[in-house]
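Each remark here refers to the structure printed beneath this line.
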Amino acid sequence: MNKLSSTIKKVSEKFKSLSKGRKIAFGVLFVSFIIAIIYLTITVNTTKYEVLFSDLSATDSGAVIKKLDDDKIDYKIEGKSILVPYEQVDSLRMKMYSNVQFTDGSPGWELFNSSGMVATDFENKVKYQRALQGQMERMIKSFDEVKDCIVNLVLPEETAFVRETAPAQAAVAIKLKPGVKELSKSQVKAIVALLTGGVKNLPKENVQIAVNDMVLATKGLFGDEKDGIISTDKQLQIRKQYEEDIKNKILSILEPTYKNGFRVAVTVDMNFDKREAESIDYKEGVKVSEKQILNTSNSGDTSASSSPVDNNFTPSIDEGSNNVTSKHSEITYNYDVPKIRQTNIQAPGRIEKISVSLTVDESKGILDDKTKNKIRNTVASIIGFNMDRGDSISIEGFNFTGQSSELITNTVNNLKDMQKNADKQKMEKKIAYGFGAALVLFLIFLFIKKLDRVNSDEFDGLDVVIGDNIEPKLEPRFEPVNLELDDEQAYIAKEVKKYAKDKPEQVIDIVKSWLTEDEG
């Protein structure tokens, strides 16, 4: 104990003997050392948490927290995130996946796993509908664009007394993730296909999907497919595409010959009406059965007479007696006549007429009849010309250069004027930039010169006392070099003379003061 106290005393005396600067330095080092020890102690003894699950539904979060409480595992909740000690994150996540049933807020077929009393048919139907809705919701939520959704199904009642039941219906409300504005038509069709495939007797027309701000995404979604009807926009698109295809074919054939010396316009008239025609054809019959009837009768009349009956009645006369024997035979054949019923459906989009208008530049050569025929035959083979259909091909010659020479001249002149104005503006900018740069350099030069003058004045006035008069600066004068060595008295006399010469008034005052002292 005495040794420790003596050591502390020595250290204290040593510290007191230090200078003030060293005392401050040692104090700062000591405080920093204490703060570092406290920080390390807190860091080592504090548990570090990491996210186990985030953005779970209320049901799933409750299930995870209950499992953590049962296993007595420390956790923290921050917003929609559940945090656990970082060294247990991986093992706990795997354990939760295997022991907790995640429903994403939509319970599915696991509803039937709960054991209880025997349920009635109505309860089973309600449970089945809830489970089916949950399964559909999970399936839709699995898409990356979907944040949440609600599915409501209307399932028809099935009874043994009704042969045909009403179709099912589905209503879906979808909330998209931030940053996703809308769903494309293909994505909406995919959702509809999943619903119709997962719900019995659910036609796609009975599926209604609303996205975000109550926008009905299924409106007119299958309008083009219903009864073969094509919407007006789709009709225009098909027609324009067909006209472009024909135009590109004509260009690919004529462009190598005429370069840019021709123009082509194509118009296609199409019929988008759907037509159905039904025909029945009867083929040659096939004998499937045969029926034969034979009758024989005797008569006492021996006279021979003709009978007006059919040839099937063949009278037989026995000449040796008076009895007459009659025979009647009848044969019936049954045939199966096949009947073929054929329904012909003409798809919408039939071509009714094609019109091609082609103009050729005659400035490169006269368009004679022979050339026109060559062009007409080429175009006719490209479009599949059909006179009965009303197709037409018009070929005319024009002077492209003559018609556009004035326009070209004006355009060239305008371009030249624009170029001149642009060059003028560039030159003006360059002059302005040069003048500005010169002005800036001149101002910098003036500033530096003034700064040097101020610095010089400051250095010259350092020894000036307040109240003294500043004498004007005189040019330095160099005294002649005195090669003779003066003694001390000569040097004092010289300095006195110099002082009396420079300040005679002060010398007079000094002499007067001396005389006054002597008289006194």
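Taking the UniProt record's numbering, I'd label the letters of the sequence shown as residues 1 to 520. Ideal placement from N, C-alpha and C gives every residue a C-beta, glycine not left out.
Under 7 Å, do residue 271 and residue 145 count as touching if we go by C-beta distance? Locating residue 271 in the sequence shown gives position 271, counting from the first residue. Locating residue 145 in the sequence shown gives position 145, counting from the first residue. Contact: no.
Which residues does DSSP list as the beta-bridge partners of residue 393? For the purposes of this step, residue 393 is identified with residue 393 of the sequence shown, where counting begins at 1. 356.
For the stretch 50 to 58 against the stretch 24 to 35, are there 3 or more C-beta pairs whose distance is under 8 Å? No: fewer than three Cβ pairs fall under 8 Å.
Minimum C-alpha distance to residue 167 - residue among 155, 173, 176 and 177: Position 167 of the sequence shown holds residue 167. Cα-wise, what sits closest to residue 167 is 155.
CB of residue 97 within 7 Å of CB of residue 84, strictly: Numbered from 1 along the sequence shown, position 97 holds the residue referred to as residue 97. Numbered from 1 along the sequence shown, position 84 holds the residue referred to as residue 84. Against a cut-off of 7 Å, the Cβ pair of residue 84 and residue 97 comes out as no contact.
So, at 6 Å on beta carbons, what are the nonlocal neighbours of residue 357 in its own chain, with the 5 sequence-adjacent residues on each side left out? Here the question's residue 357 lines up with position 357 in the sequence shown. 265 and 394, listed in sequence order.
Would you kindly report the start and end of the unbroken beta strand (DSSP E) that includes residue 277? The residue labelled residue 277 in the question sits at position 277 within the sequence shown. DSSP places residue 277 in the uninterrupted beta strand (DSSP E) bounded by 275 to 282.
Residues near residue 41 by beta carbon distance below 8 Å, same chain, minus five either side: For this step, residue 41 is matched to residue 41 along the sequence shown. Leaving aside the five residues that flank residue 41 on each side, none in its chain has a CB nearer than 8 Å to its CB.
Starting from residue 131, trace the alpha helix (DSSP H) both ways and give me its first and last residue. One-based indexing of the sequence shown puts residue 131 at position 131. In the DSSP assignment, residue 131 falls within the unbroken alpha helix (DSSP H) covering 121 to 141.
How big is the Cα-Cα spacing for residue 331 and residue 390? Against the sequence shown, residue 331 aligns to sequence position 331. Against the sequence shown, residue 390 aligns to sequence position 390. The C-alpha of residue 390 is placed about 60 Å away from the C-alpha of residue 331.
On the three-state DSSP scale, how would you describe residue 75? Numbered from its first residue, the sequence shown carries residue 75 at position 75. Residue state, collapsed to three classes: coil.
With a cut-off of 8 Å on the beta carbons, I'd call residue 153 and residue 188 a contact; round off their distance for me. Here residue 153 refers to the residue found at position 153 of the sequence shown. Here residue 188 refers to the residue found at position 188 of the sequence shown. 18 Å between Cβ atoms; not a contact.
Contact defined as beta carbons within less than 8 Å: I believe residue 382 pairs with residue 249. What is the distance between those atoms, to the nearest angstrom? In the sequence shown, the residue the question calls residue 382 occupies position 382. In the sequence shown, the residue the question calls residue 249 occupies position 249. Residue 382 to residue 249, Cβ: 5 Å. Contact.
Who are the Cβ neighbours of residue 53 in its own chain at under 8 Å, not counting the five residues just before and after it? Numbered from 1 along the sequence shown, position 53 holds the residue referred to as residue 53. Counting only Cβ-Cβ distances below 8 Å, and skipping sequence neighbours, we find 60, 61, 64, 81, 82, 93 and 96.
Rounding to the nearest angstrom, what Cα-Cα distance links residue 259 and residue 361 in this structure? Position 259 of the sequence shown, counted from the start, is the residue given in the question as residue 259. Position 361 of the sequence shown, counted from the start, is the residue given in the question as residue 361. C-alpha separation (whole angstroms): 10 Å.
In three-state terms, what does DSSP make of residue 377? By one-based count along the sequence shown, residue 377 stands at place 377. DSSP places residue 377 in the helix class (H, G or I) of the three-state scheme.
Alpha carbon to alpha carbon, how far is residue 201 from residue 87? Position 201 of the sequence shown, counting from 1, holds the residue named residue 201. Position 87 of the sequence shown, counting from 1, holds the residue named residue 87. Cα-Cα distance, rounded: 51 Å.
By the 10 Å Cβ neighbour count, where 16 or more other Cβ atoms means buried, how is residue 434 classified, buried or exposed? Numbered from its first residue, the sequence shown carries residue 434 at position 434. By the Cβ neighbour-count rule, residue 434 is exposed, with fewer than 16 other Cβ atoms within 10 Å of its own.
On the DSSP bridge list, what partners appear for residue 176? The residue labelled residue 176 in the question sits at position 176 within the sequence shown. Residue pairing from DSSP places residue 176 in a beta bridge opposite 146.
Fully enclosed by the stretch 217 to 272, which alpha helix (DSSP H) runs are 4 residues long or longer? Positions of the alpha helix (DSSP H) runs, each at least 4 residues long and wholly inside the stretch 217 to 272, are given as 232 to 258 in order along the chain.
How is residue 17 classed by DSSP in three states: helix, strand or coil? Along the sequence shown, one-based indexing puts residue 17 at 17. Three-state DSSP puts residue 17 in coil, outside helix and strand.
Do you know offhand how far residue 335's Cα is from residue 348's? Residue mapping note: residue 335 aligns to position 335 of the sequence shown, counting from 1. Residue mapping note: residue 348 aligns to position 348 of the sequence shown, counting from 1. If I take the Cα positions, the gap works out to 41 Å.
Cβ contact check for the stretch 374 to 381 and the stretch 288 to 300: 3 or more pairs under 8 Å: Fewer than three beta-carbon pairs drawn from the stretch 374 to 381 and the stretch 288 to 300 are found closer than 8 Å, and the two stretches are therefore not classed as touching.
Backbone CA spacing between residue 13 and residue 6 [nearest angstrom]: Taking the first residue of the sequence shown as 1, we reach residue 13 at position 13. Taking the first residue of the sequence shown as 1, we reach residue 6 at position 6. When the Cα atoms are used, residue 13 and residue 6 turn out to be separated by approximately 10 Å.
Of the residues 355, 104 and 281, which one's Cα is nearest the Cα of residue 244? Here residue 244 is taken as the residue at index 244 of the sequence shown, counted from 1. Checked all of 355, 104 and 281; the closest Cα to residue 244 is 355.
Pair within 7 Å by beta-carbon distance, residue 363 and residue 399: Counting from one through the sequence shown, the residue named residue 363 turns up at place 363. Counting from one through the sequence shown, the residue named residue 399 turns up at place 399. Result yes, Cβ atoms of residue 363 and residue 399 sit closer than 7 Å.
Measuring CB to CB, does residue 555 end up less than 7 Å from residue 169? In this structure the chain extends from 1 to 520, so residue 555 is not present and cannot be described.
Top-ranked residue by Cα proximity to residue 148, from 415, 137 and 157: Along the sequence shown, read from residue 1 onward, the residue named residue 148 stands at position 148. In terms of CA proximity to residue 148, 137 leads the group 415, 137 and 157.
From residue 460 to residue 503, what distance separates their C-alpha atoms? The count along the sequence shown starts at 1 and reaches residue 460 at position 460. The count along the sequence shown starts at 1 and reaches residue 503 at position 503. Bear in mind that the predicted position of residue 460 carries a pLDDT of just 48, short of 50, making it too unreliable to give a figure here.
What number of angstroms, rounded off, separates the C-alpha of residue 219 from the C-alpha of residue 423? The residue you call residue 219 lines up with position 219 of the sequence shown. The residue you call residue 423 lines up with position 423 of the sequence shown. Taken atom to atom, the span from the alpha-carbon of residue 219 to that of residue 423 is near 58 Å.
Over what stretch of residues does the alpha helix (DSSP H) that includes residue 101 continue unbroken? Here residue 101 refers to the residue found at position 101 of the sequence shown. In this chain, residue 101 is not harboured by any alpha helix (DSSP H), its DSSP state being neither H nor E.
Consider the C-beta atom of residue 237 and the heavy atoms of the ligand NAD; say whether any pair is separated by less than 6 Å. By its list of ligands, the structure shown contains no ligand whatsoever, and the ligand NAD lies outside what it can speak to.
Within 10 angstroms of the Cβ of residue 439, are there 16 or more other Cβ atoms? Answer buried if so, exposed if not. Residue numbering aside, residue 439 sits at position 439 when the sequence shown is read from its first letter. The residue in question, residue 439, is exposed, as its Cβ has fewer than 16 Cβ neighbours within 10 Å.
Please report the straight-line C-alpha distance between residue 523 and residue 143, rounded to a whole angstrom. This structure does not reach residue 523, given that the chain is present from 1 up to 520, and the question cannot be answered.
With a 10 Å radius around its C-beta and 16 neighbouring C-beta atoms as the bar for buried, classify residue 288 as buried or exposed. Residue mapping note: residue 288 aligns to position 288 of the sequence shown, counting from 1. By the 10 Å Cβ count, residue 288 comes out exposed.
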